[in-house]
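In this note's numbering, the protein residues as written are 1 to 282.
Dropping the structure here:
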């Protein structure tokens, strides 16, 4: 892929994720008969965090926050440049690991509890996300620039399996186990503040941009404009489904979250691959 389009995607991707976060808050507020914050509130929050004085409980918190952002940004940069999805997945996973290490580095029982729950979330969604990528490349290449345009026809259940992955990453019910809005509030972020929390939020934007990007590869339009519109429409549908689930379901226990993801999520992809193999699609 040319440098200019890759750079544009790298910059626009997290900005669109920030807008989706603002849209998420707006839609959720409307569903609860509230007005809600401005659409650009996530960017206002980032600016406010960056303006605060740095404070840390642990000496390594800042380093782990920076590393988490760096790995998530590199993973999305590799995706934006048309690179290997498998390599990008493992790089993004390292960003998630550094988030956990940062939470463990703080001398706080609440931060450690959030880190443990974040590890459970990783155990739940990472195998499913990895298998989605394997299913996408089962009939060709793992390079983003060489992705097959018939993914929606060939592995539709892989896209369905991405929905609970997004629900976990968006920290929504029934899978908001790391944040646990009813009890722990911020999960692994609980002892972060100021610029270091801003680094983690930016890293989360890049992580979500990577997963949204994987989902967007399932639809293709006949022309550039149509292609963009179809991709944005699909991502809006996925976001709306996640918001709807958040507002109509209660939080599951940690064990049920992991059990569901490792059975239903993996099962959907395995079933799709078996059917595709038997019918000669792959």
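Every residue, glycine too, gets a C-beta built ideally from N, C-alpha and C.
Pick from the options: whose alpha carbon is nearest that of residue i?
i	options	result
residue 80	173, 53, 209	209
residue 236	222, 258, 213, 224	213
residue 154	232, 53, 121, 137	137
residue 284	254, 30, 35, 6	Residue numbering for the chain in the displayed model covers 1 to 282; residue 284 lies beyond these limits and cannot be assessed.
residue 202	39, 28, 262, 68	68
residue 77	244, 44, 225, 207	207
residue 264	162, 28, 35	162
residue 2	82, 42, 24	82
residue 262	151, 127, 45	127
Is it the case that the Cβ atoms of residue i and residue j are separated by a distance below 7 Å?
i	j	result
residue 188	residue 99	yes
residue 219	residue 239	no
residue 290	residue 191	Here the chain comprises residues numbered 1 to 282, so residue 290 is not present and cannot be evaluated.
residue 268	residue 174	no
residue 160	residue 132	no
residue 104	residue 88	no
residue 199	residue 4	no
residue 230	residue 221	yes
residue 18	residue 205	yes
residue 84	residue 142	yes
residue 124	residue 258	yes
residue 194	residue 37	no
residue 247	residue 16	no
residue 172	residue 242	yes
Note down, in chain order, each residue of its chain lying with its Cβ closer than 7 Å to the Cβ of residue i, except the 5 sequence neighbours on either side.
i	result
residue 71	91, 92, 94, 95, 98
residue 146	140
residue 135	155, 158, 269, 272, 273
residue 122	96
Taking the alpha helix (DSSP H) that residue i falls in, what are its first and last residues?
i	result
residue 88	85 to 105
residue 254	254 to 260
residue 201	194 to 216
residue 272	266 to 278
residue 21	3 to 31
residue 72	61 to 80
Tell me which residues share the same chain as residue i and place their Cβ nearer than 8 Å to its Cβ, disregarding the 5 neighbours each side in the sequence.
i	result
residue 61	102, 105, 106, 191, 192, 196
residue 108	57, 190, 191
residue 271	157
residue 152	159, 218, 219
Give every residue of the same chain whose Cβ lies closer than 6 Å to the Cβ of residue i, excluding the five residues on either side of it in the sequence, and list them in chain order.
i	result
residue 292	Outside the displayed span of the chain (1 to 282) sits residue 292, for which this structure offers no information.
residue 52	194
residue 27	243
At a threshold of 6 Å, does residue i count as lining the ligand NAD (C-beta to nearest heavy atom)?
i	result
residue 81	For the ligand NAD, the structure offers nothing, since it holds no ligand at all.
Quick check: is the beta carbon of residue i nearer than 7 Å to any beta carbon in chain B?
i	result
residue 26	The displayed structure is made up of one protein chain only, and chain B is not part of it.
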